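Peer 1: Please read through the structure below; I'll follow up with questions.
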Amino acid sequence: MSDKIYPPSADFIANAHINKDKYDAMYAASINNPEAFWAEHGKRIDWMTPFSKVKNVNYSFPDVSIKWFEDGELNVAANCIDRHLATRGDQTAIIW
Numbered sequence: 096m097s098d099k100i101y102p103p104s105a106d107f108i109a110n111a112h113i114n115k116d117k118y119d120a121m122y123a124a125s126i127n128n129p130e131a132f133w134a135e136h137g138k139r140i141d142w143m144t145p146f147s148k149v150k151n152v153n154y155s156f157p158d159v160s161i162k163w164f165e166d167g168e169l170n171v172a173a174n175c176i177d178r179h180l181a182t183r184g185d186q187t188a189i190i191w
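Position in the sequence shown (from 1) plus 95 gives the number in our numbering.
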């Protein structure tokens, strides 16, 4: 692996969705209180059946298990396409 660092351009930084301070704050929140952090971000998508449990993990070998939003149900087409049609139906559907 290379040790080279390729910093983003000033234009890329200026058009980013968040800045470095916001990223650092979000990262800290995700580490300090992952349940609350991911519960909040889980609300950003539409659930057919809302989740009541954010995560259920067991790191004990051999019964390792990692489950996120396990009691919720999603419809990927509804979240990726349908919910955007009313306001973005005339736009390209690929977001980078």
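For every residue, glycine included, the Cβ atom is placed at its ideal position computed from N, Cα and C.
Fair warning: this is a prediction, and the values are worked out from it, not measured in the lab.
1) Would you kindly work out how many angstroms separate the C-alpha atoms of residue 129 and residue 150, rounded to a whole number?
2) On the criterion of 16 or more Cβ atoms from any shown chain inside 10 Å, does residue 164 qualify as buried, or is it exposed?
3) Go through its chain and collect everything with a Cβ distance to residue 152's Cβ below 8 Å, but skip five positions before and after it.
4) Starting from the C-beta of residue 143, find all residues in its chain whose C-beta is less than 7 Å away, skip the five residues before and the five after it, and write them out in chain order.
5) Which of the three DSSP states is assigned to residue 125 in this structure?
Peer 2: Answer, in terms of the structure:
1) 9 Å
2) buried
3) 160, 161 and 162
4) 168, 169 and 170
5) helix
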